[in-house]
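Participant: The structure under discussion is supplied below as structure tokens; questions concerning it will follow.
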Amino acid sequence: MEIEKLTKEIRQRAFERKEPKTPEQVGASWYNDDLTYDGVAKTLFMILPTPGCAWALGDSGGCTMCSYVSDCTLEPIDTDTILRIFHDHLSRHPIAEEDKISVKLFASGSFLNPYELPKEARDEILKTLIGLGNVTEIIVESRPEYVKEEYLDEIFEIIGDTLFEVSIGLETSNDYTRLNKINKGFTRDDFENAVKLMQDLKESKGYNIKSKAYIFVKPILVSEDQAIEEAIETARYCDSIGVNRLSFCPATIHSGTVIERFWRKGAYQPPWIWSCIEIINTVRDELDIPALLDTSGFGSRRGPYNCKKCNKDLKHMIIANNLTQTKIDYECECKNEWLAEVENCDMNSSTVEIKHIPLY
Ligand code: SF4
Ligand SMILES: [Zn+2]
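With UniProt numbering, the residue at position 84 of the sequence shown is 84, and numbering never jumps.
The structure is reproduced here in structure tokens:
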């Protein structure tokens with residue numbers, strides 16, 4: 001497929017320009033308040049050292065907006081090294097002071113893929129967390145193809161009735177956008193099967209398992225108003241199949257990606273912050289499902305942007321309202337500009353299929 005070829009080529013160039021990181025450089029952690037299934041509570045966030053997402057390292061080149069793989073080692077890491085770095089980060093935060101905490105483990109790809117995180121390392125990490133005695137929720141991320149009964153059995157054997165959430169980057173419920181504009185490589189059916197398996201295991205084996213969908217706001221070749229519509233439609237779809245939580249990820253321009261190439265050619269701009277607010281307000285109005293709005297890159301040159309006057313205020317407001325799950329109520333002069341773009345952005349849209357035309 002054309003999009004795979006382009007993504008692979010751009011990814012390859014990015015690898016040539018940047019040295020892979022050492023496992024120590026990949027590992028990172030921070031400790032904050034976050035919205036858990038049991039209200040606001042302290043949450044430990046940890047990036048585990050991994051070789052990087054198998055989808056991005058493979059022939060597909062990965063997703064068009066993601067450069068997480070460029071922050072990884074690109075080579076397998078032995079279990080002892082992973083565990084040493086995990087324990088080092090664990091010891092940096094005052095987690096013993098809390099009655100209960102939530103832990104979010106990021107693998108810059110799929111936590112459930114044994115190639116990215118060996119089973120021995122996964123087992124030991126989970127055993128350690130459960131041994132702390134105050135970890136009530138463990139949140140991980142995975143592509144749907146690794147959501148397998150065998151892996152979940154292994155995990156629940158260790159964590160017992162601790163809540164375990166698997167977040168999947170569905171990005172959009174529109175298969176055409178996901179496959180051809182994001183290069184995600186899996187279908188809505190694949191996602192639904194993964195969610196269904198988790199729901200079945202909850203029923204049949206009593207696992208305390210939850211699912212979360214990441215929804216990407218404004219992929220390439222999607223106009224501002226289509227981006228709003230698609231994100232809201234995706235939320236409705238997730239709610240209808242019983243996904244437990246949503247997290248909206250508005251586009252930011254990662255280096256060495258297809259989205260960056262479009263942006264540099266003037267063919268792409270991240271969404272307005274107003275568009276993100278329109279999405280989250282509509283979802284909080286219409287649906288009961290907890291929904292978070294990620295503010296990474298907000299107000300920066302490479303991220304969602306409104307105007308200098310309101311970028312910062314809105315970012316703070318969104319973070320606060322993620323905890324309360326309330327709507328954002330705010331006005332600024334730049335809103336009219338946004339409205340004009342939303343109303344007129346499709347004026348030149350053509351129904352002709354997009355072809356790969358050399359730009360120079
Ligand atoms: S978005 Fe997820 S699946 Fe896609 S390349 Fe990034 S880490 Fe891999
Ligand atoms: Zn403004």
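Heads up, the beta-carbon is just placed ideally off N, CA and C, and yes, glycines get one too.
1. Quick check: what's the CA-CA separation for leucine 170 versus threonine 282?
2. Ends of the beta strand (DSSP E) at glycine 39?
3. Nearest-angstrom Cα distance between tyrosine 37 and threonine 326?
4. For my contact list, glutamate 224 and cysteine 345 are in at a C-beta cut-off of 8 Å; report their separation, rounded to the angstrom.
5. Taking the alpha-carbon positions, what's the alanine 14 to serine 67 distance?
6. Would the beta-carbon of leucine 287 fall within 8 Å of that of serine 247?
7. For tyrosine 176, count neighbouring Cβ atoms within 10 angstroms of its own Cβ and tell me buried if that reaches 16, exposed if not.
8. Would you mind stating whether residue 364 and isoleucine 168 have Cβ atoms separated by less than 8 Å?
9. From the DSSP output, in three-state form, read off cysteine 332 for me.
10. Look at serine 70 and lysine 18 and say whether their C-beta atoms are less than 8 Å apart.
11. Given a threshold of 16 other Cβ atoms within 10 Å of its Cβ, counted over all protein chains shown, does glutamine 12 qualify as buried or as exposed?
12. Do the stretch 40-51 and the stretch 97-107 make contact, defined as three or more Cβ pairs closer than 8 Å?
13. Does the stretch 312-325 touch the stretch 52-67, meaning 3 or more C-beta pairs lie closer than 8 Å?
14. As a quick exercise: from Pro271, Phe216, Ala251, Asp189, pick the residue whose alpha carbon is nearest that of alanine 235.
15. In chain order, what residues of the same chain have a beta carbon less than 7 Å from the beta carbon of tryptophan 274, not counting five sequence neighbours either side?
16. To the nearest angstrom, how far is the alpha carbon of glycine 133 from that of valine 195?
17. Which whole-angstrom value describes the C-beta separation of serine 110 and cysteine 53, a residue pair presumed to lie in contact below a C-beta threshold of 8 Å?
18. Mind listing, in chain order, the continuous alpha helix (DSSP H) runs of no fewer than 4 residues lying wholly within the stretch 257-285?
Facilitator: With the given structure in hand:
1. 19 Å
2. 39-47
3. 16 Å
4. 5 Å
5. 9 Å
6. no
7. exposed
8. Nothing about residue 364 can be reported from this structure: the residues present for the chain run from 1 to 360 only.
9. coil
10. yes
11. exposed
12. yes
13. no
14. Phe216
15. Asn306, Lys335, Trp338
16. 28 Å
17. 7 Å
18. 258-264
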